[in-house]
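Peer 1: First residue of the sequence shown? That's 51 in the working numbering, and the numbers climb one at a time after it.
Each residue gets a CB set at the ideal place from its N, CA and C atoms; glycine is no exception.
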Amino acid sequence: MSLESKVRKVLGRFPYRITFEIRDGVVFLDGEVEAYEEWVEIGLAVGSIKGVEGVVNRIKWKDYPEEELRRKEERRRKLYEENKGRIIGEYDVVIIGGGVTGTAIARELSKYRLKVALLEKATDVSVGASKANNGMIHPGVAPKRGTLKAKLNVRGNAMYDELARDLGVKFKRVESLWLITPRTLQKYRRYLPGPFYKFVSAYIFPYLVKLKGMLNGVKGIRIIRGEEIWKLEPKATREAWAAVYVPSTGILDPYDLVVALAENAIANGVEIHLETEVVGFIREGETIKGVVTNRGTFLARYVVNAAGVFADEIAELAGSREYTIHPRKGVILLFDKELEGWVNHCVTELRFPAPAHTKGGGINPTVHGNILWGPTAVEVPDKTDTSVHPEEIEEILERYREIYPDFPRHRIIRYFAGVRAPTFTEDFIIRPAKWVKNLLHVAGIQSPGLASAPAIAEYAVEQLRSMGLILEPKPDFNPHREPIPRASEMSLEELDRRIKEDPRWGNIVCTCEMVSEAEIVEAIRRGARTLDAIKRRTRLGMGTCQGGYCTLRAAEILSRELGVPISQVVKENSGRLFNGTVRGEEP
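(1) At 3 residues or longer, and completely inside the region 304 to 378: list those beta strand (DSSP E) runs for me, N to C.
(2) Would you call Ile-138 buried or exposed, if buried means 16 or more other Cβ atoms sit within 10 Å of its Cβ?
(3) Mark Thr-434 as exposed unless 16 or more other C-beta atoms lie within 10 angstroms of its C-beta, in which case mark it buried.
(4) Residues in its own chain within less than 6 Å of Gly-556 by CB, not counting five upstream and five downstream?
(5) Roughly how many angstroms separate the alpha carbons of Ile-109 and Ile-68, rounded to a whole number?
(6) Consult DSSP for Ala-501 and reduce its assignment to one of helix, strand or coil.
(7) Excluding sequence positions up to five away, which residues of its chain have a Cβ less than 6 Å from the Cβ of Ala-172?
(8) Taking the alpha helix (DSSP H) that Lys-122 falls in, what are its first and last residues?
(9) Give the list of continuous alpha helix (DSSP H) stretches no shorter than 4 residues that lie fully inside the region 271 to 309.
(10) To the nearest angstrom, how far is it from the Cα of Ile-421 to the Cα of Phe-402?
(11) When you compare the region 317 to 329 with the region 251 to 271, are there three or more beta-carbon pairs, one atom per stretch, that lie closer than 8 Å?
(12) In whole angstroms, what separates the C-alpha of Pro-529 from that of Arg-163?
(13) Confirm, please, whether the CB-CB distance from Arg-575 to Leu-217 is below 8 Å.
(14) Please report the straight-line C-alpha distance between Ser-516 and Arg-120, rounded to a whole angstrom.
(15) Would you tell me roughly how many angstroms separate the C-alpha atoms of Phe-64 and Ile-146, rounded to the nearest one?
(16) Along the chain, where does the beta strand (DSSP E) containing Pro-482 start, and where does it finish?
(17) Using CA atoms only, rank isn't needed, just tell me which of Phe-331, Glu-87, Leu-311 and Phe-249 is closest to Leu-129.
(18) Would you grab the beta carbon distance between Leu-500 and Pro-284 for me? Rounded to a whole angstrom, and I think it's under 8 Å.
(19) Measure the alpha-carbon distance for Leu-169 versus Thr-374 and round it to whole angstroms.
(20) Would Glu-444 and Arg-378 qualify as a contact pair, given that the criterion is a beta-carbon distance under 8 Å?
(21) Should the region 208 to 226 be called in touch with the region 485 to 496, which here means at least 3 C-beta pairs below 8 Å?
(22) Between which two residues does the alpha helix (DSSP H) harbouring Tyr-450 extend?
(23) Does DSSP classify Pro-232 as helix, strand or coil?
(24) Are three or more beta carbon pairs between the region 383 to 402 and the region 192 to 205 nearer than 8 Å?
(25) Taking only three categories from DSSP, how would you classify Leu-169?
(26) Could you pull out every residue in the same chain whose Cβ sits closer than 7 Å to the Cβ of Thr-580, ignoring the five residues on either side in sequence?
(27) Thr-151 by DSSP, collapsed to three states: which one?
(28) Pick out whichever of Phe-628, Thr-588, Ile-479 and Trp-485 has its Cα sitting closest to the Cα of Asp-74.
(29) Since I believe Glu-321 is in contact with Ala-167 (beta carbons under 8 Å), could you give me their beta-carbon distance rounded to a whole number of angstroms?
(30) Under the rule that 16 or more other beta-carbon atoms within 10 Å means buried, what is Val-614, buried or exposed?
(31) Exposed or buried, His-439, counting other C-beta atoms within 10 Å across all chains shown (16 or more means buried)?
(32) Between Asp-386 and Trp-423, what straight-line distance do the alpha-carbon atoms span, to the nearest angstrom?
(33) I need the DSSP call for Lys-621, collapsed to helix, strand or coil.
(34) Looking at the secondary structure, which residues open and close the alpha helix (DSSP H) in which Thr-601 lies?
(35) Which stretch, first to last residue, makes up the alpha helix (DSSP H) that contains Trp-89?
(36) Let me confirm a value: Glu-399 is counted as buried when at least 16 other C-beta atoms fall within 10 Å, else exposed. Which label applies?
Here it is, written out as structure tokens:
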């Protein structure tokens, strides 16, 4: 059956008149539906067809934000016209996006004799999905066999020990326990009567999971039972019939990694331009000559599109839109670090069939002692929707309470959400653009994107080589980066020595996380310009009180070091900390 016939057959299942065209394996959809959920469903159905390399979903739904998009386009065109003639510089490679993918590619390119610029529209790196995930370095069992996700997940996971050492990033191989319980195959219970249900659940299903992981290249997977489970996780449910043990699972702070990648890339010659929004491209025929931003034009020989949830919009501006991003929000609950030890591994309860297009989330520790529950997976029409609603919190608490029935769930200190960037084919898209000669797509990087990031960077650079970029190794490349010293990790003797050299080490600004003024000043020296940027580099405000004690004190330091009035201090992006007039300042 031809690809056209397959698409027509799939679309025939829906009660709408949807038209389509196919160009070089990319399916373009047009029409109208009632609800956004149907827009997603149709896109996923077409994206699952074998042979489809991308889905551009131009279907409109009932509440389609036409007016909002029109205003956005008018603003973009105005900025484009104002800035296209202002040349910033010439570069071998311009990377768009300052998340874990973009910064990992920037660092990988910094190994070579190249002039590289990374453009990020926010006030800092790691402001999007890269800061708002659970920090889990997945082992590679979950991705579908044969996908780019599966290949790069396993490779990326294996690279983290050396990468974390080089960059001074805290990283732990905490291992995974995936519990098999009476609920694991609940949907099939009526087909598996009596003791046969337990036999299939406890003695057949876990080995199928193990086999899937082995076929993906994951090593060391074991099936454990009884006391061996509770020796590893003493407080886990006694309902567990078995568990799949995966030793290669790791954890880290994702924003710590992104900052480290960016700092090391800068140290090796990469330019990072913050608050620099891409508003268009200058093209000659099928070749991009310049990337136009709100600050001017960056002339480029090659362009890497690593713009996360906005990658499809960047591709559209460049003239090679080959996919649509459908945002998928995930909510996570953060518990107080006083609960450290309640959970020692990344733990979840396997349910089959699993929720569509998600690994199901779980419970995992962090490198600093907090415990995370989540994330969820909800399709949302707004790419910037990081809201959290009471019912989403309840969903998480209900989903995982049976794994740890005695867990003190009232010790939540924060909840947050991030927005994943899947395409309708649900795989990573890392390939040269089909209709622009010097554009590389690095899109659809959803979970396990963090685990895959080092391998994605390697793969992307090899793609650039295949496109004609000459890679001459840089003999003086330095892979090492020194993290900001932390007062909380120093011995009393070392802290005393530092205080004698610099009294600011003795001024503890954040008492929950024991963050000193000296650390804050060093974070600012390294480029932090907002309170949240300081937070990501020092853990200021990440403790029990969540900044209730230290925020104003940190704002005073930021004001002093930047030489700006305290009323101008920014929390994140354009969000100022204060509204109205601050006492002592001119109105």
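Peer 2: Taking the geometry as given:
(1) Fully enclosed beta strand (DSSP E) runs of no fewer than 3 residues occupy 321 to 323, 328 to 334, 337 to 343 and 346 to 355 of the region 304 to 378, in order along the chain.
(2) In the sequence shown, the residue the question calls residue 138 occupies position 88. By the neighbour-count rule (16 or more Cβ atoms within 10 Å), Ile-138 is buried.
(3) The sequence position of residue 434 within the sequence shown is 384, counting from 1. Exposed.
(4) For the purposes of this step, residue 556 is identified with residue 506 of the sequence shown, where counting begins at 1. Once the five neighbours on either side are set aside, the close Cβ partners of Gly-556 are Ile-549.
(5) Within the sequence shown, numbered from 1, the residue matching residue 109 stands at position 59. Within the sequence shown, numbered from 1, the residue matching residue 68 stands at position 18. Near 8 Å, if we compare the C-alpha coordinates of Ile-68 and Ile-109.
(6) On the sequence shown, position 451 is the one that residue 501 refers to. Residue state, collapsed to three classes: helix.
(7) For the purposes of this step, residue 172 is identified with residue 122 of the sequence shown, where counting begins at 1. Counting only Cβ-Cβ distances below 6 Å, and skipping sequence neighbours, we find Asn-623.
(8) For the purposes of this step, residue 122 is taken as residue 72 along the sequence shown, with counting starting at 1. Element bounds for Lys-122: 116 to 133.
(9) 277 to 282
(10) Taking the first residue of the sequence shown as 1, we reach residue 421 at position 371. Taking the first residue of the sequence shown as 1, we reach residue 402 at position 352. The alpha-carbon atoms of Ile-421 and Phe-402 are separated by roughly 25 Å.
(11) Not touching, per the Cβ criterion.
(12) Start at 1 with the first residue of the sequence shown, and residue 529 comes out as number 479. Start at 1 with the first residue of the sequence shown, and residue 163 comes out as number 113. Taking the straight line joining both Cα atoms gives about 15 Å.
(13) One-based indexing of the sequence shown puts residue 217 at position 167. One-based indexing of the sequence shown puts residue 575 at position 525. Cβ distance not < 8 Å, so Leu-217 and Arg-575 don't count as in contact.
(14) Taking the sequence shown and counting its residues from 1, one reaches residue 516 at position 466. Taking the sequence shown and counting its residues from 1, one reaches residue 120 at position 70. Whole-angstrom Cα-Cα distance: 38 Å.
(15) The residue you call residue 64 lines up with position 14 of the sequence shown. The residue you call residue 146 lines up with position 96 of the sequence shown. Distance between the alpha carbons of Phe-64 and Ile-146: 37 Å.
(16) Against the sequence shown, residue 482 aligns to sequence position 432. Residues 479 to 482.
(17) One-based indexing of the sequence shown puts residue 129 at position 79. Here the closest residue by C-alpha is Phe-331.
(18) Position 450 of the sequence shown holds residue 500. Position 234 of the sequence shown holds residue 284. Actually they are not in contact, since the Cβ atoms of Leu-500 and Pro-284 sit about 29 Å apart, beyond 8 Å.
(19) Translated into positions along the sequence shown, residue 169 becomes position 119. Translated into positions along the sequence shown, residue 374 becomes position 324. Straight through space, the alpha carbons of Thr-374 and Leu-169 are spaced by roughly 21 Å.
(20) Here residue 444 is taken as the residue at index 394 of the sequence shown, counted from 1. Here residue 378 is taken as the residue at index 328 of the sequence shown, counted from 1. Result no, Cβ atoms of Glu-444 and Arg-378 do not sit closer than 8 Å.
(21) By the Cβ test, the region 208 to 226 is not in contact with the region 485 to 496, since fewer than three Cβ pairs between them sit closer than 8 Å.
(22) Your numbering for residue 450 matches position 400 in the sequence shown. Counting along the chain, the alpha helix (DSSP H) containing Tyr-450 begins and ends at 440 to 450.
(23) Residue 232 sits at position 182 when you count from the first residue of the sequence shown. Of the three classes helix, strand and coil, the one that applies to Pro-232 here is coil, per DSSP.
(24) no
(25) Locating residue 169 in the sequence shown gives position 119, where the first residue counts as 1. Three-state DSSP puts Leu-169 in a strand.
(26) Indexing the sequence shown from 1 puts residue 580 at position 530. Closer than 7 Å at Cβ, skipping near neighbours: Thr-173, Asp-174, Val-620, Lys-621 and Glu-622.
(27) Sequence index remark: in the sequence shown, residue 151 carries index 101 (1-based). Looking at Thr-151 - three-state DSSP - the assignment turns out to be helix.
(28) Taking the sequence shown and counting its residues from 1, one reaches residue 74 at position 24. The residue from Phe-628, Thr-588, Ile-479 and Trp-485 with its alpha-carbon nearest to that of Asp-74 is Trp-485.
(29) The residue labelled residue 167 in the question sits at position 117 within the sequence shown. The residue labelled residue 321 in the question sits at position 271 within the sequence shown. The pair is a contact, with the Cβ atoms about 5 Å apart (cut-off 8 Å).
(30) The residue you call residue 614 lines up with position 564 of the sequence shown. Classification of Val-614: exposed, given that the 10 Å Cβ count is below 16.
(31) On the sequence shown, position 389 is the one that residue 439 refers to. It counts as exposed.
(32) Numbered from its first residue, the sequence shown carries residue 386 at position 336. Numbered from its first residue, the sequence shown carries residue 423 at position 373. C-alpha separation (whole angstroms): 12 Å.
(33) Against the sequence shown, residue 621 aligns to sequence position 571. Strand at Lys-621.
(34) Taking the first residue of the sequence shown as position 1, residue 601 is located at position 551. Residues 601 to 612.
(35) In the sequence shown, residue 89 corresponds to position 39, counting from 1. Start and end: 86 to 97.
(36) Counted from its first residue, the sequence shown places residue 399 at position 349. Per the 10 Å Cβ criterion, buried.
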